[in-house]
Every structure is written in structure tokens, then in C-alpha cells.
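A.B. asks:
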Amino acid sequence: MSEELLVNVTPTETRVAVVENGMLQEVYIERSASKGIVGNIYKGKVVRVLPGMQAAFVEIGLERTSFIHASDISVIDKEGVEQRNAEVADIRSLVWEGQSLIVQVVKDPIGTKGARLTTQLSVPSRYLVFMPQTQHIGISQRIDDEIERARLKELVERCSAADPSYSKSGFILRTAAEGVGEDELMADIKYFQRLWSALERKMKERPAPSVIYEDLPLYMRTMRDLVRPDMEKIRIDSKESFHNVLQFAEDYIPELKNRIEYYPGERPIFDLYAVEDEIQKALGRKVPLKSGGYLIIDQTEAMTTIDVNTGGFVGHRNLEETIFKTNLEAATSLARQLKVRNLGGIIIIDFIDMQDIEHRRQVHRTLEKAMEHDYTKTVISGVSELGLVEMTRKRTRESLEHIMCEECPVCEARGSIKTSETICYEIFREILREARAYDNDKLMVLASQSVVDRLLDEESASVADLEEFVGKSIQFQVESVYNQGQFDVILL
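For the sequence shown, the positions run 0 to 491 when numbering that gives the first Met the number 0 is used.
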């Protein structure tokens, strides 16, 4: 498996693409005007407590107030260690209005919702995640070798025991820690020691609301979080960013230093790998399959639905085999689409109905296997009574569509608009209202070209009847700036 990381940096936007065997798998976008804030730590101020929701609104200096649930608020004992209880305490016993609170963002503001917060703080490095208030050592589930898991846990315990200040703290070993030695882990722990001392000073000195800790810029975060030992190349089209990444590699991942390249080509790096085309395709509803079938992906605020269709695929043997092959291909394709589009929350997949129970099991297994390569947490249910597969995918940032697109001002995100015939009848009803309310001789209708054309052609007889009925003359004027659904009836 050949995997490459492409980094496109401009003054206004940074984009990172993960390409596997020449095919785009993931894309990350960070714009200077709207940077993601997941992982940032703030000193916030509680502005409202909502007992009925077991939650509170916290002001951290963003456009919208942020949200914290009682289950995300740590209870700290006298020793300064987090106490975890199965039962969630009453929000009123945890926070109060006007209180200063140290919080961390776990979900970016999405749509009309503010950022989601927690007081369970953590700070990542290359190999470890440091949890200053939790006495726990965890290991990434992606490290599945039990001997390696035991070795890493014993190493971290030994390294942290060397410094008494870590007796109340905990660590999570990241996937990148697999195979590393004591020196690398000790370097990370010393880095945390310096960083956390600086953060504690800021927590005491700075007023609320203010930023305490900001995560690295996107191109540096990807080096820390996405780069794996088997990654073939990391190509960067900005000389300044290239040197920064090279320095980062020297400090943390020297074995990958020779795989980092500066791309100076005239042709944009995303065009060279057809990433630009793939991004444009990922903004559409329809995803063609190689067999001739296709997916229809609809993203709404409540959930994302994926419908599988055979399309032009007729198969070679029988209908059940055709359906089975289409569903297998769809399962692999939609797993990639979820990553590229960064779709999260509840996802409902409507595979084509299969009569064979073994076929259903194989399609379900194919989907699970395809999702194993997804670093975002997913939970997949079995096939429901209605033949649907339900799944959830953790949502921490905006989807690709929400980053790059906005609501259509014409259809207002409904996906359809009223026909010109419907608008004509609405105009007739408005004319009747105006005629009854005001005593004048003439009315003027302002509308789009398509609506005025219909009023003067197919509906001309209806207009004549209406003029006779209200006893007023009706004139029409095209307004080029009006969309099909807009109109005005004014008195002359």
C-alpha cells in the first residue's frame, strides 16, 4: 500500500490531502479567517446554567457561547486528581454563573451550535497524550500486539515514576508510539513538563475569557497526527512550511526526514495528483461506481443518508448476484466517501435489498473492514428490520461541504424551488388581497423573467378574468435580480 501526504499552503488557506495508491482518502482544510479550535484550552466564564439540560453555556471569546455538559466536567479531589463517578452530579453543584473555568474544545462550532467543551484536559505530542488530572495510562487500540502494549505501558510507568510531579497525571500512548524506545518517550514527557508549567502560569495570570493553549497549525498537526512510519512521501509546496516541517521531523521523527520533499513545480500539487477533481466530486450528491451503479449521498442537520442503486449495472448471472456485487462495491466506496467528505453523526445506509442472509453478512463485514482504516471513531450496527445499516461517526469538525459551500439563497437548502405556475397562483391571491384592501385603479406585478413570461402566455386568460373580477388593470415588469420565487405586487 503506497501512502503519500500532500500539503498545499497559501497565505489564506492550508490544505492537506492523504493519498493512498493514487486515490484521495482524506482532505483537511484550514482557513486563516476560520481556523479549527479543537484541542485549544481556554479560561472561560460561565454565563448561564441550565439545570433542565444538565449543561451550561460558557463564554470563551468566540462569536457564539460554547456548551458544556455535566458529564464533561471533572470533579477534582483535594489532591488535585480527577474523580470519575458513574453517576453524573447535578450541574448546579459543579458550576455557577460568573465562575471562571478552564476548558478544552472537543468539537468545533458546527452550523448554529457553539463549540462543545470539557474540563478533562489533555495535550498531545508525537507519541503521547498528557492528561494532567487523570491517574491513568492508556494505549491506542490500534496497537493490538499484547506484548508491545505491555512493553509500552511498563516504559511509560518507569519514565513517569522518575519525576514525582507526574504522580497525579496520566498518559495515553498513541499509535505512533509502537516500537519506540525509552529515550523518545522520555523526551515527550520532558516536553510536557515544560509546556504544562507555562500553561499553569497562564491559567493563573490571564483574565476570562482568554486563550491558554492553541494547537499547532494544520500542516504541523498532520505531521504529528497523520504521518506513519510506512508513509512513502510527504510533499509540501511552500518553502517556509517545508523547512518548518523538516525541523519538526529532525526533532521527533528523524527516520522520515528523507521522505519529506519540497515541491516547486509550476503545476499546482493538488492538480498533479487529481486531488482538486476529487474534492469537486465530493461536493456532489451522486457518486458513480465502476460497475455502473451509484450512490446518492444527502447530508442534513439530523443525519446523513446514503442510497445504493444498481443504475446501469445489469450483471451477468442473476438479479441477486447483481445486487450483491453492487452492494459490495458500494460498501467500499462509501467508506472512502465518509472520510473524504468528513461526514459525521448518524449515518443511515440503504443498501439494495438482499434475500440471501449470507450476502447481507458479507456486505456488512465488507463495510466494517473498509471502515477499519478510518482513524475517526465509528460504530456500525447490524442490518435493521427495514434493511438499513445504521452507523455513527464521531464529528469533531465541519464536513467538507459545510467548509466549502453555503446555503443556496434561491432554494434555501430545500433542494427544490416552487414552479413558475405555483408562483403565478400566489401572485393572483396577493392581487385579490391588495384589491380588497386598497381603492386604486392599477396594480403592478414585479417578478422574474420566467414568471412574467408565463403570466403573459399560459396564464393570460386567467389574468384577463382577474382584471375583470377586481375591476383594476394589472401590469407586469421583469426584475432581473429576482429569483423565480420572488415577487411584489405594488399599487399605482
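Here a beta-carbon is modelled for each residue, glycine too, at the ideal position from N, C-alpha and C.
#1: Could you pull out every residue in the same chain whose Cβ sits closer than 8 Å to the Cβ of Q361, ignoring the five residues on either side in sequence?
#2: Give the straight-line distance between the Cα atoms of S1 and P10, rounded to the nearest whole angstrom.
#3: Leaving out the 5 sequence neighbours to the left and right, which residues in its chain are closer than 8 Å to V37 when beta-carbon positions are compared?
#4: Looking at C-alpha atoms only, which residue of S447, T174, R193 is the closest neighbour of I138?
#5: Is DSSP giving G178 helix, strand or coil here?
#6: Whose C-beta lies closer than 8 Å to the C-beta of A248 among residues of the same chain, with five residues either side of it excluded?
#7: Which two residues bound the contiguous alpha helix (DSSP H) that contains S99?
#8: Suppose the cutoff is 6 Å on Cβ atoms and the five residues either side in sequence are ignored; what does the same chain contact list for T365 look like?
#9: Starting from Y251 and walking both ways along the alpha helix (DSSP H), at which residues does that stretch end?
#10: Which same chain residues, not among the five before or five after L217, have their C-beta less than 7 Å away from its C-beta?
#11: On the three-state DSSP scale, how would you describe F468?
#12: List, from N- to C-terminal side, the beta strand (DSSP E) runs of 3 residues or more that fit wholly inside the segment 372 to 421.
#13: If you follow the beta strand (DSSP E) that L116 is part of, which residue opens it and which one closes it?
#14: Check E12 in the structure and name its three-state DSSP category.
#15: Identify the continuous alpha helix (DSSP H) that holds N326 and give its terminal residues.
#16: My guess is that E3 and K203 are in contact by the Cβ rule of under 8 Å, so how many angstroms apart are they, rounded?
#17: CB H512 to CB G178, shorter than 8 Å?
#18: What separation, rounded to the nearest whole angstrom, lies between the Cα atoms of A460 and Y437?
#19: Using the C-alpha atoms, what's the distance from S447 back to L454?
#20: Start and end of the beta strand (DSSP E) containing L490?
#21: For V210 versus N39, is the C-beta distance shorter than 8 Å?
#22: Distance check for S398 and E277, CA to CA, integer angstroms please.
#23: So what does DSSP say about M130, is it helix, strand or coil?
#24: Quick check: A69 and I90, are their CB atoms within less than 8 Å of each other?
#25: Secondary structure at E62, three-state DSSP: helix, strand or coil?
#26: If you check the beta carbons only, do A207 and K44 fall under 8 Å apart?
#27: From H401 to T375, what does the alpha carbon distance come to, in whole angstroms?
#28: For V274, is the classification buried or exposed, using 16 other Cβ atoms within 10 angstroms of its Cβ as the cut-off for buried?
#29: Kindly indicate the opening and closing residues of the beta strand (DSSP E) around E25.
#30: Suppose you measure from the CA of T421 to the CA of E467; what does that come to, to the nearest Å?
#31: Using only the alpha-carbon positions, how far apart do K201 and V46 sit?
#32: Examine the Cβ distances between the segment 139 to 146 and the segment 181 to 193 and report whether three or more of them are shorter than 8 Å.
#33: Per DSSP, what kind of secondary structure is G283 in: helix, strand or coil?
#34: Leaving aside the five residues before and after L194 along the sequence, list all residues of the same chain whose C-beta is less than 7 Å from its C-beta, in chain order.
#35: In this structure, does DSSP put T303 in helix, strand or coil?
#36: Below 8 Å CB to CB, which residues in the same chain sit around P50 once its five sequence neighbours on both sides are set aside?
C.D. replies: The short version:
#1: F323, L327
#2: 30 Å
#3: V104, V105, K106, D107, D214, T395, R396
#4: T174
#5: coil
#6: M222, L255, K256, I259
#7: Segment 99 to 106 is the beta strand (DSSP E) holding S99; no alpha helix (DSSP H) there.
#8: L327, A330
#9: 238 to 251
#10: T13, V15, Y27, E29
#11: helix
#12: 377 to 382, 388 to 392
#13: 115 to 117
#14: strand
#15: 318 to 340
#16: That pair is no contact at about 45 Å.
#17: Residue 512 is absent from the structure shown; the chain starts at 0 and stops at 491.
#18: 24 Å
#19: 11 Å
#20: 486 to 490
#21: yes
#22: 15 Å
#23: strand
#24: yes
#25: coil
#26: yes
#27: 18 Å
#28: buried
#29: 22 to 30
#30: 22 Å
#31: 22 Å
#32: no
#33: coil
#34: V122
#35: strand
#36: D89, I90, R91
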